[in-house]
Amino acid sequence: RNDLENKLANIDREAAAYRQKGLDEVSATEWAEASKAQVMQAFESEVASKVDAVWKTELQNRLDDIEREKQAWIQKGLDEVKATEWAEKEKLDAKRNAALQVLQSQKEEFQAYLEGGQRGLAEYYKQAHGFTMDDLQMTPEQLTGFQRARQDMLENLLPNFRDPSVIQQEQEERNRQYWENMEANGYGEL
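For the sequence shown, the residue numbers in the working numbering are 2 to 191.
Here it is as structure tokens:
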């Protein structure tokens with residue numbers, strides 16, 4: 002079972018325990034339904050935020066997180082005005098931090114965007130990183146092949162930094178081949 006199914010099953014077990022302790026059927030059922038609705042709402046919100054996050058910028062994801070936190074505070078009983086004030090301050094801080102990050106680490110890219118929009122940014126990026134049109138034609142299959150080859154190369158680049166059992170097996174194989182060659186050449190009796 003997955004995490005959601007486990008949470009819902011736990012609610013059913015708790016409801017059964019409440020019934021055994023004397024809680025009437027209607028109250029136990031109402032509690033279980035309300036608890037399950039809350040778990041489902043939290044699950045759907047979490048899933049939706051993760052799916053939405055794929056399509057949004059880092060800043061927009063942070064702003065959405067702040068809005069969800071605000072709603073959680075309100076549900077926990079915090080005054081809506083206070084929660085909204087907190088959220089607006091957090092959002093302003095997030096925007097300020099994002100702007101500072103751009104100016105500190107992406108200033109040239111930002112300038113290229115200001116001068117030429119998305120096309121200017123793309124041209125800057127290609128030039129700054131030395132990308133050619135051929136480079137930009139990479140396929141997912143080529144990427145996968147490259148990443149596998151690179152990983153294998155790195156693992157074998159420093160052979161003594163591998164799994165000790167593999168190193169030992171290779172050493173034993175080299176020794177076996179050495180002695181086979183020695184015997185084949187008539188040196189086995191030494």
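Heads up, the beta-carbon is just placed ideally off N, CA and C, and yes, glycines get one too.
According to DSSP, is residue i helix, strand or coil?
i       : result
Asp-136 : helix
Arg-69  : helix
Arg-163 : coil
Asp-80  : coil
Gly-197 : Any property of residue 197 remains undetermined from this structure, which presents the chain solely from 2 to 191.
Thr-145 : helix
Thr-58  : coil
Gly-117 : helix
Arg-2   : coil
Asn-11  : helix
Asn-186 : coil
Gln-39  : helix
Gln-107 : coil
State the Cα-Cα distance for the pair residue i and residue j, rounded to the nearest angstrom.
i       : j       : result
Ser-106 : Glu-116 : 18 Å
Gln-148 : Asp-136 : 15 Å
Met-139 : Thr-145 : 10 Å
Asp-164 : Thr-85  : 55 Å
Ala-38  : Leu-101 : 41 Å
Ala-185 : Gln-170 : 22 Å
Phe-111 : Asn-157 : 40 Å
Met-154 : Met-134 : 27 Å
Lys-51  : Ala-88  : 20 Å
Lys-57  : Leu-159 : 41 Å
Glu-109 : Asn-62  : 24 Å
Gln-172 : Gly-187 : 23 Å
Pro-1   : Lys-127 : Look at the range of the chain in this structure, 2 to 191, and you will see that residue 1 is not part of it.
Met-183 : Gly-131 : 54 Å
Tyr-179 : Ser-166 : 20 Å
Lys-151 : Gln-143 : It is Arg, not Lys, that sits at residue 151 in the sequence shown. Rounded to the nearest angstrom, the two C-alpha atoms are 12 Å apart.
Gln-42  : Gln-72  : 12 Å
Glu-181 : Glu-174 : 11 Å
Within its chain, find whatever has a CB closer than 6 Å to the CB of residue i; leave out the 5 residues flanking it on each side and keep chain order.
i      : result
Val-40 : Lys-8
According to the Cβ coordinates, are residue i and residue j closer than 8 Å?
i       : j       : result
Gly-121 : Ala-129 : no
Ser-46  : Arg-69  : yes
Ile-75  : Ser-36  : no
Ala-95  : Leu-64  : yes
Asn-161 : Ile-168 : yes
Leu-60  : Ala-123 : no
Could you name the residues of the same chain whose beta carbon sits closer than 8 Å to that of residue i, not counting the 5 residues immediately before and after it, in chain order?
i     : result
Arg-2 : Ala-10
With a cut-off of 8 Å on the beta carbons, I'd call residue i and residue j a contact; round off their distance for me.
i      : j      : result
Trp-32 : Ala-18 : Actually they are not in contact, since the Cβ atoms of Trp-32 and Ala-18 sit about 11 Å apart, beyond 8 Å.
Ile-67 : Lys-83 : In fact, because the Cβ distance is near 14 Å, the residues do not count as touching under 8 Å.
Kindly list the residues whose CB is nearer than 7 Å to the CB of residue i, restricted to its own chain and excluding five residues on each side of it in sequence; keep chain order.
i      : result
Phe-44 : Leu-5
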